[in-house]
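*Asks:* Just so you know, numbering that gives the first Met the number 0 puts 288 at position 289 of the sequence shown, and the rest follows in order with no gaps. We put the CB at the ideal spot given by N, CA and C, even for glycine.
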Amino acid sequence: MVDLHALHRDEGHSIWVDDLSRSMLQTGRLDALIADGVRGLTSNPAIFATAMAGGEEYADQFRSLVSSGHSVEEAYWDMVIDDITAACDRFAALYEASDATDGFVSVEVDPRLAHDTSATIAAGRDLAARIARPNVMIKVPATPAGLPAITALIGDGINVNVTLIFSLQRYAEVMEAHIAGLEVATQAGRDLSRIAGVASFFISRVDTEVDARLGPSHPLRGTAALAQGRLAFAAFTSTFDGPRWESLATAGARAQRPLWASTGTKDPAYSDVVYVDGLIGPTSVNTLPPATLAAFTDHGTARRTIDTSPEATARTWSELADAGIDMAEVAELLADRGVSAFVDSFDGILATLDDAAPGSDR
C-alpha cells in the first residue's frame with residue numbers, strides 16, 4: 000500500500016484527485032480522501048456533466064434556481080461554484096498547513112472561450128471573484144489565445160491551472176506566460192507568495208495517439224507519453240532557475256508546478272498505474288481519477304522516477320522521431336480534440352439540464 004502522506008514527505012510529490020460531485024461533499028468521501036493524503040482537486044466540464052447527469056443531488060437546487068428566473072446556464076454555474084467553494088473550504092486547512100503550496104481546487108472557464116483571450120480573462124476574473132477563496136485555481140486552456148490570459152490572470156494575483164498541454168513547445172510558452180504574469184504582479188505590488196500556478200501536461204492520450212501511428216507490435220509503443228513528461232520536468236527545472244527567476248523567487252514567487260493530467264491508463268495492456276509510477280518527482284503533482292487513485296494506493300510504487308534515466312529518455316525521444324512520429328503534429332491534434340471534447344461535455348450537460356428545467360416541453 001502506498002502512503003500518500005509519506006510520498007509527499009519523502010519525495011515532495013503531491014497526489015490530487017480528478018473528480019468532484021455533490022455526493023463527494025455530502026457523504027464525507029472528499030474529507031476521507033484528504034485524510035488519506037490527497038492534497039488537491041481538479042475538475043473539468045466532463046466531470047461536472049457526469050456529476051449532474053448521474054444523480055439527484057442537484058435537482059432541488061436546479062429547480063429552485065430556474066424557477067426564480069435563472070437561465071439554465073446561470074443555474075449550471077451557480078451549482079458548479081457552490082461545489083467548488085465547498086471543496087475549497089474542505090481543503091482550507093491543508094492549504095494553510097502547506098504554506099499555500101497544496102490544498103488547491105481547480106475550476107475551468109467556459110471551454111467555448113478557448114480561442115477568445117479577452118473573454119477568457121473576464122470569465123477567469125468572474126469565477127475567482129464569485130468563489131472568493133485563496134485556494135481556488137482557475138483553469139485556462141493552453142491555446143494560443145489562452146497564453147496572454149494566463150499572464151493577465153496571474154498578474155491580477157489569481158491562481159491559474161493551465162490545462163490541455165500536449166507539447167514541449169507549448170509548455171515552454173506556458174511557463175513564460177506564468178513568469179511574465181508574476182512580473183506584472185510585481186509591478187502592481189502584489190504578494191507573490193500567494194500566487195500559485197500549475198501546468199497540466201496531459202499524458203496518456205499521447206500514447207493512445209502515438210501507439211496508433213506506430214502499429215500493434217512496434218517496440219516503442221507505450222514510451223512516448225512518459226518520455227515527454229520526463230522531458231517536460233527537465234524543462235521545468237531549467238526554466239525556473241537563473242537570474243530572471245531568482246529575482247522573482249527572492250520576492251516570494253512560487254514556481255509554476257508541473258501537473259501530470261490524463262494519467263488514467265487507457266490501454267489495458269499497460270499497468271493501471273504506469274503514468275503514476277513513472278512520473279514521481281519533487282515539486283510535481285499528479286491528478287488521478289478515482290479508479291487510478293485506488294489502484295495506485297493499492298499497488299503503486301512510491302519512489303522518484305521522473306529524472307532517474309535521462310539518457311534513456313533522450314534516446315526514446317530520438318527513436319520516436321526516427322520512427323516517423325511527428326510529436327508537434329500529435330500535440331496539435333490532441334489539443335484540438337481536448338478543447339472539442341470539453342465543449343461537447345459543456346454543451347451536453349446544458350442540454351440535459353434544459354430538458355430537466357421546470358416547464359420544459361421536451
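#1: Select from S283, R229, G123, L225 the residue whose C-alpha is nearest the C-alpha of D9.
#2: Using alpha carbons as the reference points, say which of H298, S117, T264, S199 lies closest to V1.
#3: Quick one: give me the first and last residue of the alpha helix (DSSP H) that P44 is part of.
#4: Can you check which of these residues, G196, G156, D190, is closest to E175 by C-alpha distance?
#5: Does the pairing of the stretch 203-211 with the stretch 258-275 give three or more beta-carbon distances under 8 Å?
#6: I need the straight-line Cα distance from R238 to Q168, nearest angstrom please.
#7: Report the CB separation of P143 from S344 in whole angstroms; it is logged as a contact under 8 Å.
#8: Scan the stretch 204-288 and note each continuous beta strand (DSSP E) run of 3 residues or more that stays entirely inside, going in chain order.
#9: Terminal residues of the continuous beta strand (DSSP E) containing P140?
#10: Looking at C-alpha atoms only, which residue of D115, M51, L32, L258 is the closest neighbour of S20?
#11: With L40 as the anchor, note down where its beta strand (DSSP E) starts and where it stops.
#12: Given a threshold of 16 other Cβ atoms within 10 Å of its Cβ, counted over all protein chains shown, does T249 qualify as buried or as exposed?
#13: Which partner residues does E107 have in the DSSP bridge list?
#14: List the DSSP bridge partners of V329.
#15: Where does R253 land, buried or exposed, given buried means 16+ other C-beta within 10 angstroms?
#16: Taking F90 as part of the alpha helix (DSSP H), name the residues at either end of that continuous run.
#17: If you draw a straight line from the C-alpha of I348 to the C-alpha of T296, how long is it?
#18: Any idea which residues DSSP pairs A187 with across the strands?
#19: Provide the residue span of the beta strand (DSSP E) that contains G196, from first to last.
#20: Report, in whole angstroms, the separation of the C-beta atoms of W244 and I164, which I expect to be a contact under 8 Å.
#21: For S13, name the three-state secondary structure that DSSP assigns.
#22: What's the C-alpha gap between G68 and A322?
#23: If F47 sits next to V16, beta carbons under 8 Å apart, how far is it from one beta carbon to the other, in whole angstroms?
#24: Using only the alpha-carbon positions, how far apart do R220 and L213 sit?
#25: At a cut-off of 6 Å, is G27 close to the ligand GDP when judged by its beta-carbon and the heavy atoms of the ligand?
#26: So is R303 buried or exposed if we call it buried at 16+ other beta carbons inside 10 Å?
#27: In three-state terms, what does DSSP make of I362?
#28: What does DSSP give as the partner residues of T312 in its beta bridges?
#29: Do V273 and P110 come within 7 Å of each other at the CB atom, strictly closer than that value?
*Replies:* Checking against the coordinates, here is how it stands:
#1: Taking the sequence shown and counting its residues from 1, the one referred to as residue 9 is at position 10. When each option's Cα is compared against that of D9, the closest is S283.
#2: As a first step, residue 1 must be located in the sequence shown, where it is residue number 2. The option with the nearest alpha carbon to V1 is H298.
#3: Indexing the sequence shown from 1 puts residue 44 at position 45. Taken as a continuous stretch (DSSP letters only), the alpha helix (DSSP H) holding P44 covers 44-52.
#4: Stepping through the sequence shown from its first residue, residue 175 is reached at position 176. Closest option to E175, Cα to Cα, is G196.
#5: yes
#6: As a position in the sequence shown, residue 238 is number 239, starting the count at 1. As a position in the sequence shown, residue 168 is number 169, starting the count at 1. Before going on, a small fix: residue 238 reads as Thr here, not Arg. Roughly 13 Å separates the two Cα atoms.
#7: Start at 1 with the first residue of the sequence shown, and residue 143 comes out as number 144. Start at 1 with the first residue of the sequence shown, and residue 344 comes out as number 345. At roughly 22 Å, the Cβ-Cβ gap does not stay under 8 Å, so P143 and S344 are not in contact.
#8: Complete beta strand (DSSP E) runs here, min 3: 256-260, 284-287.
#9: The residue labelled residue 140 in the question sits at position 141 within the sequence shown. First-last of the beta strand (DSSP E) with P140: 135-140.
#10: Working through the sequence shown from its first residue, we reach residue 20 at position 21. Considering only alpha carbons, the answer is M51.
#11: Here residue 40 refers to the residue found at position 41 of the sequence shown. It spans 39-41 - the beta strand (DSSP E) in which L40 sits, taken as one unbroken run.
#12: By one-based count along the sequence shown, residue 249 stands at place 250. That one is exposed.
#13: The residue given as residue 107 occupies position 108 in the sequence shown. K138, per the DSSP bridge assignment.
#14: Within the sequence shown, numbered from 1, the residue matching residue 329 stands at position 330. Bridge pairing for V329: absent [DSSP].
#15: Along the sequence shown, one-based indexing puts residue 253 at 254. Counting C-beta atoms within 10 angstroms of its own C-beta, R253 has 16 or more neighbours from the protein chains shown and is therefore classed as buried.
#16: Residue numbering aside, residue 90 sits at position 91 when the sequence shown is read from its first letter. That run of the alpha helix (DSSP H) goes 71-96.
#17: Stepping through the sequence shown from its first residue, residue 348 is reached at position 349. Stepping through the sequence shown from its first residue, residue 296 is reached at position 297. Between I348 and T296, the C-alpha separation is close to 32 Å.
#18: Here residue 187 refers to the residue found at position 188 of the sequence shown. A187 is not bridged to any residue.
#19: The residue given as residue 196 occupies position 197 in the sequence shown. Counting along the chain, the unbroken beta strand (DSSP E) around G196 starts and ends at 196-201.
#20: Translated into positions along the sequence shown, residue 244 becomes position 245. Translated into positions along the sequence shown, residue 164 becomes position 165. Actually they do not touch by this definition, with Cβ atoms about 19 Å apart.
#21: Counting from one through the sequence shown, the residue named residue 13 turns up at place 14. DSSP places S13 in strand when its eight states are reduced to three.
#22: Position 69 of the sequence shown, counting from 1, holds the residue named residue 68. Position 323 of the sequence shown, counting from 1, holds the residue named residue 322. So the two alpha carbons sit approximately 58 Å from each other.
#23: Position 48 of the sequence shown, counted from the first residue, corresponds to residue 47. Position 17 of the sequence shown, counted from the first residue, corresponds to residue 16. About 15 Å separates the beta carbons of F47 and V16, which is beyond the 8 Å limit, so they are not a contact pair.
#24: What you label residue 220 is simply residue 221 of the sequence shown in a count that begins at 1. What you label residue 213 is simply residue 214 of the sequence shown in a count that begins at 1. Cα to Cα, the separation comes out at about 7 Å.
#25: The ligand GDP is absent from the structure shown, which contains no ligands of any kind.
#26: Against the sequence shown, residue 303 aligns to sequence position 304. The residue is exposed, with fewer than 16 neighbouring Cβ atoms inside 10 Å.
#27: Outside the displayed span of the chain (0 to 361) sits residue 362, for which this structure offers no information.
#28: Working through the sequence shown from its first residue, we reach residue 312 at position 313. Bridge partners of T312: none, in fact.
#29: The residue you call residue 110 lines up with position 111 of the sequence shown. The residue you call residue 273 lines up with position 274 of the sequence shown. Not a contact, by the Cβ cut-off of 7 Å.
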